[in-house]
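The sequence shown lines up with residues 43 to 352 when you count with our numbering.
Quick reminder that beta carbons are idealized off the backbone N, C-alpha and C, glycines included.
Keep in mind that this is a model prediction, so the values were computed, not measured.
Read the structure below first, then the notes.
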Amino acid sequence: MITRSGPTVTSGSRGAVTWAPRRRDYDQWRNSTDLRGRPNRVSVLDEILDGVRADLADRQQRVSLDHLKEMARQAPSPRDALPALKAEGVSVIAEVKRASPSRGQMATIADPAALAGDYEAGGAKIISVVTEERRFGGSLADLAAVRRAVQVPVLRKDFVVSSYQLWEARAHGADLVLLIVAALEQSALVSLVERACSIGLLPLVEVHAEAELDRALDAGATVIGVNARNLATLKVDRGIFGRMAGRIPEGIVKIAESGVRGPRDLLAYAASGADAVLVGESLVTEKDPRSAVADLVTAGSHPALRGERG
């Protein structure tokens, strides 16, 4: 089933010019230079978002919003993911992901539904499905297949820039949706958080820095994911969760994203106050993903964590 192989708020120049261009000026900015004549830097997130917007425009031409809304009305009612995220111990969110910008192709997943079934059998509380196609090899078909295969809540993980994508998520069976603060202006973030909740999706709002955490809280996020992967360098800093978790108010679910290689990393995140961990790369590259999830679930349910979590 699995074989190994082989976002815009922060995209400014690192030279004398430090402003970040608005999207309407982005193409002109990207092809220009800073005051010292050096090409402006384009972040990985910027490049991903370019592709996301192009693919989104194509889908909007093929599938009307009214049709998506009708699909959403006919879809099964959304599952409540909060009990899974607030369960005793540290919950495991296991991810279906074929590739990433940092690793390239990671796994050939011929049957995402079967993989999700293994995750669920191993004790995963939520299944995350990456649906971005160009860099991650995902699709909405993966999301729909996973939804049909498992009983636990399902997260659509993508680069959401439009409410159209929220309706796509609900129409294909998602119960949660990822919103990345760095990919959105504040007004768009607030609007998408509100719209997601109104159609039955629980928004997982992802942050990478303290300023983004403030924006997430201002937008009304009740579930916050701290991603340890730097969007500019793609390097992982596992310490960022511990540095930010103390600033997240009581009652808000705290999810540690990226950097979980095994039970030891889960325990470290747990000691810093994580309610859940989102794990992808280390699972899809495992020969036995069910056992790998079960090992994480066992670590996350250790009685000692009841007194350690912040």
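Where the beta strand (DSSP E) through Ile-266 begins and ends: 265-269
Coarse secondary structure for Leu-87, derived from DSSP in three states: Here Leu-87 sits in helix by DSSP.
Give the range of the alpha helix (DSSP H) segment to which Thr-340 is assigned. 331-342
Quick one: Cα of Glu-26 to Cα of Thr-340, how far? Residue 26 lies beyond the range of the chain shown here (43 to 352); nothing can be said about it.
Can you tell me whether Gly-322 is helix, strand or coil according to DSSP? coil
Identify the continuous beta strand (DSSP E) that holds Glu-248 and give its terminal residues. 244-249
Could you compute how far the alpha carbon of Ser-85 sits from the alpha carbon of Ala-318? 28 Å
Among all the DSSP beta bridges, which residues are the ones paired with Ala-141? Gln-147
Nearest residue (CA-CA) to Pro-118, options Pro-195, Leu-309 and Ser-133: Pro-195
Ordered list of alpha helix (DSSP H) runs contained in the stretch 152-240, each at least 4 residues: At a cut-off of 4 residues, the continuous stretches assigned as alpha helix (DSSP H) that sit fully inside the stretch 152-240 are 154-164, 182-191, 205-213 and 228-240.
Need the endpoints of the alpha helix (DSSP H) that Glu-252 sits in, please. 252-260
Counting only runs that start and end within the stretch 275-303, where is the beta strand (DSSP E) found for 3 or more residues in a row? 295-299
Arg-145: which of Arg-177, Lys-111 and Arg-198 sits nearest, CA to CA? Arg-177
Are the stretch 171-185 and the stretch 209-226 touching, with three or more C-beta to C-beta distances below 8 Å? Cβ pair count under 8 Å is three or more, so yes.
Would you report the Cα separation of Leu-160 and Arg-332, rounded to the nearest angstrom? The amino acid at residue 160 is misidentified as Leu; the sequence shows Asp. Approximately 5 Å, taken between the alpha carbons.
For Ser-133, is the classification buried or exposed, using 16 other Cβ atoms within 10 angstroms of its Cβ as the cut-off for buried? Of the residues assessed, Ser-133 falls on the buried side of the cut-off, its CB having 16 or more other CB atoms within 10 angstroms.
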